[in-house]
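One structure below.
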Amino acid sequence: MFNLDEALRNHLAQRQKKPKTQFVAASVAILSPRSKPGRTRVVAGVAGVATTHKAITSPTAIIQWLKEEGAHLYVSDNRLCFRPTDWAQFAIVSAHWQALLHDLAAVDQEQKNGSGR
């Protein structure tokens with residue numbers, strides 16, 4: 000059976016752009032006069048790890064950022080469910096999971112109360 004969510008997630012993962020620092024580092028390593036083929040991957044990988052990520056503390060800002068990134072975040076049976084698109088998303092969600100759970104549960108409750116009228 001065709002899973003639309005999985006197909007969309009795979010499509011977004013393929014379209015995801017490299018961070019600018021990783022792209023610049025790879026370009027510099029390639030253009031270097033003494034460049035070796037394996038070195039460009041190492042330099043780009045180090046640049047990707049060294050990239051600082053913006054600290055987000057507001058639950059609504061985190062939820063909005065995750066939606067923009069294509070990650071799935073929802074509440075089911077008082078559990079926070081999370082399907083990331085990038086490893087960097089884990090750090091932010093794990094640091095703020097209680098606030099995210101509370102906000103998403105409140106939104107779900109409002110939707111249930113609004114639809115029952």
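Quick note on numbering that gives the first Met the number 0: the sequence shown kicks off at 0 and runs consecutively. All C-beta atoms in this analysis are idealised placements derived from N, C-alpha and C, irrespective of residue type, glycine included.
Helix, strand or coil at Ser93 according to DSSP, with G and I counted as helix: Note: Ser93 maps to helix in three-state DSSP.
CB-CB length for His95 against Arg82, believed under 8 Å: With 8 Å as the limit, His95 and Arg82 do not qualify as a contact, their Cβ atoms being about 17 Å apart.
Assigned exposure category for Leu3 - 16 Cβ within 10 Å defines buried: The residue in question, Leu3, is exposed, as its Cβ has fewer than 16 Cβ neighbours within 10 Å.
Alpha carbon of Trp86 to alpha carbon of Gln97, nearest angstrom: Straight across, the Cα-Cα distance linking Trp86 with Gln97 is about 19 Å.
Status (buried if at least 16 other CB within 10 Å, exposed otherwise) for Gln108: Exposed, since its Cβ has fewer than 16 Cβ neighbours within 10 Å.
Gln110 burial status per 10 Å Cβ neighbour count (16 or more: buried): Exposed: under 16 other Cβ atoms inside 10 Å.
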